[in-house]
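Q:
Number of protein chains: 2
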Amino acid sequence: MTERANVLSANRAFYRAFAARDMEGMSSLWAEDAPVACVHPGWDAIRDRAAIIRSWRNILGNPSSPPVLCKNETAHVLGEVAYVLCHEVIEGSYLIATNLFVRERGRWKLAHHHAGPLAQAPETSEPPPRLQ
Amino acid sequence: MTERANVLSANRAFYRAFAARDMEGMSSLWAEDAPVACVHPGWDAIRDRAAIIRSWRNILGNPSSPPVLCKNETAHVLGEVAYVLCHEVIEGSYLIATNLFVRERGRWKLAHHHAGPLAQAPETSEPPPRLQ
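Taken in sequence, the protein lines are chains D and V.
FYI, the working numbering numbers position 14 of the first sequence as 14, with every residue one higher than the one before it.
Count along the second sequence from 1, then add 132; that gives the number in the working numbering.
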């Protein structure tokens, strides 16, 4: 598997944990050594690992949180760091996310997540998929 | 100067070029070798260097584009890659930006810029400054 494929696999694991409300999976995906940060849509940045995990616990633990789908992901590897750009589809609305990964002990871990709204659905994508 | 200071210096150069509508400076800041991408607020990602430079030419060349101010920046170095989180103040509104830098021939160059709106002014910051 190429490094790009490994990064995309880590990105898919992130959205699987997000969609399945799997806090253990979500927590294990975040880097332990690298400086981490997280920008939820419209929020200010969270720069502390424990606070990031708490924020995800709140989101995933909220029964009214809508499901998420990841689409159109592209990975760009820069040595020991990589970033993924992808669309998030939440209740038919599109967001765009930057997910920054860093290699720790041979595994790609999330160092930074930044998601924000798109003004309109991306031109290149198919119609919004049916949400699960 | 520490690498973190060098990264912050490159980030300041980016906002100086942005505020001064300096296209030559803006163009020289973007990485030449690394895969680049740019997410303007609300827009879909641009993934091609020439298209990114064109988008900045449109923004900086538009006389109605409002001035920008960078505040509260923090830099995080991950070896040959670094990311900066900062607030952008545009007409009194706050945005949050992720700026990803990569070292090319000894200089920190912009590989990816992602800016999006904040729902409210960040708690930690002073009142919005007077715009130049």
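Each residue gets a CB set at the ideal place from its N, CA and C atoms; glycine is no exception.
#1: Pick out the complete beta strand (DSSP E) segments inside the region 217 to 264 of chain V, 3 residues or longer, and give them in chain order.
#2: Whole angstroms are fine: how far does the CA of Ser55(D) sit from the CA of Ala163(V)?
#3: Relative to the C-alpha of Leu242(V), which candidate in Tyr215(V), Arg148(V), Val200(V) and Val209(V) has its C-alpha closest?
#4: Just to check my reading of the structure: Pro41(D) and Gly116(D) have Cβ atoms closer than 8 Å, yes? What is that Cβ distance to the nearest angstrom?
#5: What separation, rounded to the nearest whole angstrom, lies between the Cα atoms of Met23(D) and Glu220(V)?
#6: DSSP puts Trp188(V) in a beta bridge; with which residues?
#7: With 8 Å as the threshold, decide whether the Cβ of Tyr15(D) is near any Cβ in chain V.
#8: CB Ala98(D) to CB Thr206(V), shorter than 8 Å?
#9: Whole angstroms are fine: how far does the CA of Pro199(V) sit from the CA of Leu263(V)?
#10: May I ask you to report which of helix, strand or coil DSSP gives Ala37(D)?
#11: For Asp33(D) and Val102(D), I'd like the C-alpha separation in whole angstroms.
#12: Between which two residues does the alpha helix (DSSP H) holding Ala10(D) run?
#13: With a cut-off of 8 Å, does the C-beta of Pro128(D) fall near any C-beta of chain V?
#14: Locate the beta strand (DSSP E) running through Glu205(V), then write down its first and last residues.
#15: Considering Cα atoms alone, identify which of Ile96(D), Leu85(D) and Gln120(D) is closest to Leu8(D).
#16: Using DSSP's beta-bridge definition, name the partner residues of Ala214(V).
A: Considering the structure as presented:
#1: 225 to 236 and 239 to 249
#2: 33 Å
#3: Tyr215(V)
#4: 5 Å
#5: 32 Å
#6: DSSP lists no partner for Trp188(V).
#7: no
#8: Position check: residue 98(D) holds Thr in this sequence, whereas Ala was assumed. No, the pair does not count as a contact, with Cβ atoms beyond the cut-off.
#9: Reliability of the predicted coordinates at Leu263(V) is poor, the pLDDT of 44 falling under 50, and the value obtained from them is presented with this limitation in mind. The alpha-carbon atoms of Leu263(V) and Pro199(V) are separated by roughly 7 Å.
#10: strand
#11: 10 Å
#12: Glu3 to Ala20
#13: Any reading at Pro128(D) must be qualified, since the residue scores a pLDDT of 47, below 50, and its modelled position is unreliable; the value itself is stated next. By this cut-off, Pro128(D) is not an interface position.
#14: Val200 to Leu210
#15: Leu85(D)
#16: Val209(V) and Phe233(V)
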